[in-house]
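In order, the protein sequences belong to chains A and B.
Note that the working numbering numbers the first sequence so that position 232 is 255, with each residue one more than the last.
Note that the working numbering numbers the second sequence so that position 275 is 1450, with each residue one more than the last.
Beta carbons: idealized from backbone N, C-alpha and C, even for Gly.
Note that the coordinates shown come from a computational prediction; the quantities given were computed from them, not determined experimentally.
In what follows, a single structure is set out as structure tokens and then discussed.
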Amino acid sequence: MKTALKTFSVVIGLMLLMPGFSGRAQVYADSSTQLDKYMVPVTTPTAAPDAQGFLGRWLLLEPISKPNRSNTVFTDSYIREAFAVQYFPGQLSNTLPKDGSKVKVTVEYQPPVNLQGGRPMGFGMAEPTYEKKTVSLQWHAMDSKMPNVKLFRFATNLTEDRYGIICWAVTVVNCEEDIPNVRLAVGSNSASMWWVNGEEAVILSGDRRRVMDDCASQRLTLKKGRNIIWGAVINGPGMSDFCCRFIDEAGKPVTNITLSTK
Amino acid sequence: MKTRNILLAGAIALFSLSAAAQVGAPYIHDPSTIMECDGKYYTFGTGGGGLISADGWVWESGAVRPGGGAAPDAIKIGDRYLVGYSSTGGGLGGGHAGRILTMWNKTLDPNSPDFAYTDPIEVAHSEMDEDCDAIDIGFLMDPNGRLFCTFGTYFGNIRMVELDPATGARKEGAKDMDVAIDCEASSMMYQDGWYYLLGTHGTCCDGANSTYNIIVGRSRSPFGPFLDNVGRDMLQGGGKMVVAATERQFGAGHFGRFIVEPGVEKMSFHWEGDLDRSGRSVLAIRPIIWKNGWPEAGEILTDGNYKILSRRRGYALELTVDFVRAQGGMRGFGRGQDQPNVVVENQKLEDVIGGWPAGNIPVRANDYMARPHQQWTIEAVPEAGGYLGGPWYKIVIQGTNRALAAVEGHELTTVPEFTGADEQLWRIEQLTDGTWRIVPKSVPGCHHPEKWCLYSVADSTPTLGKFDFNNDNAKWDIVKR
Chain A
24 MKTALKTFSV
34 VIGLMLLMPG
44 FSGRAQVYAD
54 SSTQLDKYMV
64 PVTTPTAAPD
74 AQGFLGRWLL
84 LEPISKPNRS
94 NTVFTDSYIR
104 EAFAVQYFPG
114 QLSNTLPKDG
124 SKVKVTVEYQ
134 PPVNLQGGRP
144 MGFGMAEPTY
154 EKKTVSLQWH
164 AMDSKMPNVK
174 LFRFATNLTE
184 DRYGIICWAV
194 TVVNCEEDIP
204 NVRLAVGSNS
214 ASMWWVNGEE
224 AVILSGDRRR
234 VMDDCASQRL
244 TLKKGRNIIW
254 GAVINGPGMS
264 DFCCRFIDEA
274 GKPVTNITLS
284 TK
Chain B
1176 MKTRNILLAG
1186 AIALFSLSAA
1196 AQVGAPYIHD
1206 PSTIMECDGK
1216 YYTFGTGGGG
1226 LISADGWVWE
1236 SGAVRPGGGA
1246 APDAIKIGDR
1256 YLVGYSSTGG
1266 GLGGGHAGRI
1276 LTMWNKTLDP
1286 NSPDFAYTDP
1296 IEVAHSEMDE
1306 DCDAIDIGFL
1316 MDPNGRLFCT
1326 FGTYFGNIRM
1336 VELDPATGAR
1346 KEGAKDMDVA
1356 IDCEASSMMY
1366 QDGWYYLLGT
1376 HGTCCDGANS
1386 TYNIIVGRSR
1396 SPFGPFLDNV
1406 GRDMLQGGGK
1416 MVVAATERQF
1426 GAGHFGRFIV
1436 EPGVEKMSFH
1446 WEGDLDRSGR
1456 SVLAIRPIIW
1466 KNGWPEAGEI
1476 LTDGNYKILS
1486 RRRGYALELT
1496 VDFVRAQGGM
1506 RGFGRGQDQP
1516 NVVVENQKLE
1526 DVIGGWPAGN
1536 IPVRANDYMA
1546 RPHQQWTIEA
1556 VPEAGGYLGG
1566 PWYKIVIQGT
1576 NRALAAVEGH
1586 ELTTVPEFTG
1596 ADEQLWRIEQ
1606 LTDGTWRIVP
1616 KSVPGCHHPE
1626 KWCLYSVADS
1636 TPTLGKFDFN
1646 NDNAKWDIVK
1656 R
């Protein structure tokens, strides 16, 4: 038994020394897609960022239908215009929507995707005309169980939308003191825009894959107290997703903060 | 017409000079390892005297070394400079008796009140007809604090002897060791547990017809054997090429190493003949690149059109402007396969520039798509001077005067017109791994711009960050288009 333990320890030790072995648990494939695999409703007043500084607590609005057959249209001008539209009262304000509250939004209505109909194809096809419809969308306070926030599964579990959408997210970053010279570092699928305390902080244009630290804001100060972070993600035929964290001058994650959705 | 052609050729030559070689009056033979003293750079040459530069790019005569003779070297030990030279000239008259001498000075600035050489002392010599000619000293202080010098010429052996770093004299009991044959202008350096012996092969002192070239071997011991990349001992003539002739400069000789900081190294040497300067012997400074443990001469960036790619992700530096679709879009899978091929042109500047804002435009990094907003022209700015081994450059969007500039807060932008302001000038140097660092001459509101460089804070977000050779965020590939 003692020998077996010794052998086990040596094997583990050698594994840790192997190049490329990060110590992270292996991720086994899992075909399930239910929401609680990705995120769960908020049950505590505050949450900490994860060890890498990723912000996991967000108020998420159910997706706004915005049909796009291709993500190549997401130029800076296009997404600025798309996000400048006032979709709901209090958009980008310092007062957060209430968890469970609903807003009415007029959208270009897309019928539910026929999952038996094959892959979404947008190349060379004219965008069809969509019927305008006013829909009721709900805010959900969620804690992501991953470094990223899988908006696609948020959408497919709670709504009939999945492609051609805009998702709005907002969170509060609480600081015990000013934290100067940090940057909001974002990865998103697909394009997105982010605001810190009412100021545009970072924009991710083009057909984006979700990549940690893909784009970063200029240096900014997280002020003592509440800091409001808004984000909007737009996607055509892709799996909407984002990951956000603050990094310091050395690129290290900022973790001495808490997150809340009130 | 003829005169016009000559003037034109002269102008082209001067233009190419601006980025290919030191400027000013860098005329020297057998330059000693470059020393920095009180903010200025110094190198000494054969025959006495030497060059001084305030910035490391513009050189003028003015350094002072007494004793005449040939092929000096210098090393800083503590707060003093040890200068070595040979009192003889290399046996061209037939004899090979030589004397290697060393002397100290507190400063290399001839205008300083502290400027005074100590009396030279002999540390090595050769007899009239033995297999060595004691000239061409090269110093090395190894990480253990041991001081060595090599010497010798094409006539017989290169020798090495240990010196006393406190006195600059021969270490008591030290014996000369033969370490190579038929080299000249030997020098040593230490890197990652290896001692490198550099020498110069080929013909000296014949201008553009000099075949001088710098070669290297290495050993785990300072006493050798020094083997080249295919295992040949330098005592059997082995040596791997470090720097050879270019199209316009010939006769690379007399290597010296200058470490600016980790990852930024320079080699000094002379071109025996520079065709752009009447075939004269001139000082040359090139980056040192280390490839698989071997040193090679890197490049001084030449004027041209480039893409600038981050080492972090491989994304291209570009203007933050709307992506404009180009010709050649998707034709549909499997359709039109029987149609003849036609050449589709790249997107052109005139296709898109009308949509760009008129004022400052920020920069970002993105997939390289050969688009006009990703295509940069980099050119030396001769009137701006330079730094050790390179001129200041401007970086503009090709076909425009829109220039990359540093702004307050250690961030970046592009300004519509290059004005020559310091924040629009860039120090662009090849690093020891062959990548490049790009450093602004000035950052508004910053007292030490030299510590900041073009830096990838995120895959798509360039900024200014502190240079760290061990961090790919601080490095770029500059690829000619």
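Pick helix, strand or coil for residue i, following the three-state DSSP scheme.
| i | result |
| --- | --- |
| B/A1649 | helix |
| B/T1638 | strand |
| B/M1136 | There is simply no residue 1136 of chain B to check, as chain B begins at 1176 and stops at 1656 in what is shown. |
| B/K1569 | strand |
| B/A1533 | coil |
| B/G1225 | strand |
| B/G1382 | helix |
| B/Q1502 | coil |
| A/T69 | coil |
| A/E131 | strand |
| B/Y1292 | coil |
| A/Y3 | This structure cannot speak to residue 3 of chain A, because chain A is shown only from 24 to 285. |
| A/K275 | coil |
| B/M1176 | With a pLDDT of 38 at B/M1176, under the threshold of 50, the predicted position of this residue should be treated as unreliable, though the coordinate-derived value follows. In the structure shown, B/M1176 sits in coil (DSSP, three-state: anything other than H, G, I, E or B). |
| B/N1388 | strand |
| B/P1206 | coil |
| B/T1477 | coil |
Kindly indicate the opening and closing residues of the alpha helix (DSSP H) around residue i.
| i | result |
| --- | --- |
| A/N180 | 174-181 |
| B/Y1543 | Counting along the chain, B/Y1543 falls outside any alpha helix (DSSP H), and DSSP gives it neither H nor E. |
| A/Y51 | Premise fails: A/Y51 is in no alpha helix (DSSP H) and is neither H nor E. |
| B/V1527 | 1524-1527 |
Among residues of its own chain, excluding the 5 on either side of residue i, which ones have a beta-carbon nearer than 7 Å to its beta-carbon?
| i | result |
| --- | --- |
| B/G1414 | G1374, H1376, I1390, V1391, G1392, D1403 |
| B/N1659 | Only positions 1176 to 1656 of chain B appear in the structure, and residue 1659 of chain B is not among them; the question remains open. |
| B/T1610 | R1486, K1650, W1651, D1652 |
| B/E1592 | N1576 |
| B/H1204 | G1220, T1221, H1445, S1456 |
| B/M1176 | Model confidence at B/M1176 stands at a pLDDT of 38, short of 50, so the residue's coordinates are unreliable; what they give is reported in the following sentence. Correct list: empty, nothing qualifies. |
| A/R233 | N171, G210, S211, N212, D264, F265, C266 |
| A/G274 | none |
| A/G123 | Q161, W162 |
Within the continuous beta strand (DSSP E) that includes residue i, where are the two ends?
| i | result |
| --- | --- |
| B/E1493 | 1491-1494 |
| A/T157 | 154-167 |
| A/I226 | 222-227 |
| B/Y1260 | 1255-1261 |
| B/D1248 | 1245-1252 |
| B/I1486 | Per the sequence shown, residue 1486 of chain B should be read as Arg rather than Ile. Here B/R1486 belongs to no beta strand (DSSP E), and DSSP marks it neither H nor E. |
| B/Q1424 | 1424-1436 |
| B/S1443 | 1439-1449 |
| B/C1358 | Counting along the chain, B/C1358 falls outside any beta strand (DSSP E), and DSSP gives it neither H nor E. |
Go through its chain and collect everything with a Cβ distance to residue i's Cβ below 6 Å, but skip five positions before and after it.
| i | result |
| --- | --- |
| A/T66 | none |
| A/D236 | A208 |
| B/A1188 | Because B/A1188 sits at a pLDDT of 42, beneath the cut-off of 50, its placement in the model cannot be relied upon, and the point is left open. |
| B/Y1371 | M1364, V1391, R1393 |
| B/P1624 | P1615, S1617, V1618 |
Restricting to Cα atoms, I'd like to know which of the options is closest to residue i.
| i | options | result |
| --- | --- | --- |
| B/T1214 | B/S1617, B/E1337, B/A1229, B/T1607 | The question names Thr, yet the displayed sequence has Gly at residue 1214 of chain B. Cα-wise, what sits closest to B/G1214 is B/A1229. |
| A/S215 | A/T278, A/Y61, A/K246, A/V225 | A/V225 |
| B/V1239 | B/L1257, B/L1283, B/T1588 | B/L1283 |
| B/I1312 | B/V1258, B/Q1573, B/D1294 | B/V1258 |
| B/L1629 | B/G1620, B/H1622, B/D1608, B/E1604 | B/E1604 |
| B/Q1411 | B/F1401, B/A1420, B/V1417, B/A1419 | B/F1401 |
| B/W1627 | B/K1655, B/N1480, B/D1289, B/G1584 | B/G1584 |
| B/L1484 | B/R1656, B/V1233, B/E1436, B/N1280 | B/R1656 |
| B/M1303 | B/D1294, B/P1288, B/G1270 | B/G1270 |
| B/E1554 | B/R1602, B/E1586, B/P1515 | B/R1602 |
| B/A1559 | B/W1551, B/K1569, B/T1552, B/Q1550 | B/K1569 |
| B/D1306 | B/G1320, B/W1279, B/F1330 | B/F1330 |
| B/N1261 | B/G1327, B/G1199, B/E1422 | Checking the sequence, you will find Ser at residue 1261 of chain B rather than Asn. Closest option to B/S1261, Cα to Cα, is B/G1327. |
| B/R1395 | B/A1581, B/I1572, B/C1621, B/G1368 | B/G1368 |
Excluding the 5 residues flanking residue i on each side, which residues of the same chain have their C-beta closer than 8 Å to its C-beta?
| i | result |
| --- | --- |
| B/V1527 | V1496, V1499, R1546, P1547, H1548 |
| A/Y51 | none |
| B/G1509 | none |
| B/K1350 | V1336 |
What do you reckon, is the C-beta of residue i under 8 Å from a heavy atom of the ligand GTP?
| i | result |
| --- | --- |
| A/T129 | This structure lacks the ligand GTP, and indeed carries no ligand of any kind. |
### Message
Could you tell me which whole beta strand (DSSP E) segments of length 3 or greater appear in the stretch 186-238 of chain A?
### Response
188-198, 202-212, 214-219, 222-227
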